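Counting in this note's numbering, the sequence shown runs from 3 upward without gaps.
These notes are about the structure you will find just below.
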Amino acid sequence: QTLANQSYMWSYGCGGGGPESASDISNTTNFTTDSLQMAFTLLFGSYFGDWDYPNDFLRAAIASRTCLASTWANRPNWFLHHMALGEHIGYSTQVTMTNTGRYIPPYYGIYVHNALMGDPTLRMHVLPPVETLSASQAGLNVQLSWDDPANALGYYIYKKTAFDSVFRLLNQAPVSSTAYTDACPGPGMIHYMVRSVELRTSASGSYYNLSAGATTSFDSNPSSWALNPVTTNCSPGQSDGSVSLNPQGGCTPYSYQWDTGETTAEIQNLDPGLYCVTVGDCVGCTEVYCANVEQSTGVGNLPDILSSVLYPNPAGDHLVLELVMRSPLDLQLEIFDAQGRKVSSQFSSGQPQQIKWDIRSLPNGPYWLHIGNSGGFRVLPFKKG
């Protein structure tokens with residue numbers, strides 16, 4: 003009568019038993035019609051511990067609509083105090099089944115009749131999950147937002163892409179607002195999950211309790227990141243080259259870190275050479291750009307080459323160079339990386355020329371193809387990946 007009118011997390015019943023009943027407690031038939039207000043129950047009595055009986059009393063307990071898990075108690079004693087610190091009942095089941103002395107008394111320990119009727123992942127304290135989780139594109143970023151009916155202490159955000167086998171935690175400390183910006187995730191399908199957290203205090207102590215995860219999927223298609231570079235070559239014999247950038251696509255303010263140590267959008271008074279910069283925006287998106295400052299001369303652009311085409315760009319495993327010239331030329335072809343290091347080279351001659359270059363050994367990133375001979379040179383930028 004008590005459980006029909008009052009709700010409890012735990013209940014215990016003991017009475018003389020048979021496979022389908024316990025004296026003065028209940029029976030299998032009643033369990034199928036009662037709505038006893040309890041989540042977990044422990045029952046003790048003879049014979050209904052034989053839980054493999056077709057209409058077993060233990061199994062019938064979880065047919066009573068509200069009961070979620072039941073066990074045969076006392077033989078052995080069940081150790082369930084871990085559940086007051088966030089563990090699931092499956093953990094307590096394992097501890098009980100394997101107890102040979104850690105907890106006293108180990109009465110009837112490691113007997114084969116130990117069993118749990120119900121879902122082993124159930125926990126005592128359930129924090130409601132967040133609701134209406136959504137994702138939207140915000141320039142280079144993905145913006146997440148959600149509602150929280152429980153007004154939790156904070157939230158953990160997880161992410162999974164095609165390259166991940168499991169969700170990855172994005173924030174080591176919980177965020178307090180119901181919104182989060184995933185900076186620069188790139189294109190493609192992304193799965194997000196948000197879990198709320200609370201500080202729960204019980205008779206066993208205090209612990210941080212996580213909710214189940216709310217998930218959403220989003221096909222990210224960020225706007226392009228444009229640096230809009232302008233490179234000015236050096237006059238003959240002068241150190242008057244320059245490189246300037248005018249970023250668009252990220253969020254201001256932008257930061258600049260050149261390999262020369264400068265931190266401005268434009269660097270000046272440059273000698274011929276390769277100059278690289280890492281550009282960052284307000285949420286940490288970054289882009290690396292390298293400019294090749296040349297010395298302007300009368301033969302610096304290889305005037306005998308009428309046209310030069312380099313494709314595809316960005317390149318994959320191979321790069322194709324097509325040259326049309328006035329007359330046959332002998333050319334030295336060299337590829338330099340973003341640090342100005344020569345990473346590949348070959349010699350070519352004839353008219354016209356088409357060179358297919360295997361670049362599978364090169365890592366993804368920006369490169370420059372230097373075409374030269376005694377008559378001058380020409381530089382063509384490309385990107386792999």
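Built from N, CA and C at the ideal position, the CB exists for glycine as well.
Being a predicted model, the structure only gives us computed values, none of them experimental.
| query | result |
| --- | --- |
| Given 8 Å, three or more beta-carbon pairs between the segment 105–117 and the segment 171–185 | no |
| Rounded distance between the beta-carbons of Phe46 and Ala75, thought under 8 Å | 5 Å |
| Which listed residue (Tyr313, Cys287, Ser9, Lys161) has its alpha carbon closest to that of Leu38 | Ser9 |
| Among Trp359, Ser350, Gln355, the one whose alpha carbon lies nearest that of Asn375 | Ser350 |
| Exposure of Val245, with buried meaning 16 or more beta-carbon neighbours within 10 Å | buried |
| Local conformation of Gln96 per DSSP, three classes | helix |
| Classification of Phe165 by the beta-carbon crowding that lies within 10 angstroms, buried from 16 upward | exposed |
| Where Thr73 sits in the DSSP three-state scheme | strand |
| Under 7 Å between C-beta atoms of Ala339 and Tyr369 | The sequence given here places Asp at residue 339; Ala does not occur at that position. It is a contact, given that the beta carbons lie within the stated cut-off. |
| Close-in-space but distant-in-sequence residues of the same chain around Thr123 (CB under 7 Å, 5 per side omitted) | His90, Gly92 |
| Coarse secondary structure for Phe33, derived from DSSP in three states | helix |
| CA nearest to the CA of Trp359, picked from Arg380, Arg197, Met99, Phe384 | Phe384 |
| Span of the beta strand (DSSP E), counted from its first residue to its last, around Leu321 | 320–327 |
| Range covered by the beta strand (DSSP E) that runs through Phe220 | 216–222 |
| DSSP state of Phe169 mapped onto helix, strand, coil | coil |
| Buried or exposed by the 16-neighbour rule on C-beta atoms within 10 Å, applied to Ser94 | buried |
| DSSP-derived helix/strand/coil call for Arg67 | coil |
| Where Leu201 falls, given that 16 or more other Cβ within 10 Å makes a residue buried | exposed |
| Whole-number beta carbon distance between Tyr158 and Arg125, since they are thought to touch under 8 Å | No, Arg125 and Tyr158 are not in contact; Cβ-Cβ is about 17 Å, not under 8 Å. |
| Close Cβ partners of Ile27 (< 8 Å) along its chain, the five nearest in sequence each way excluded | Gly15, Cys16, Gly17, Leu45, Gly47 |
| C-alpha gap between Ser23 and Met119, whole angstroms | 16 Å |
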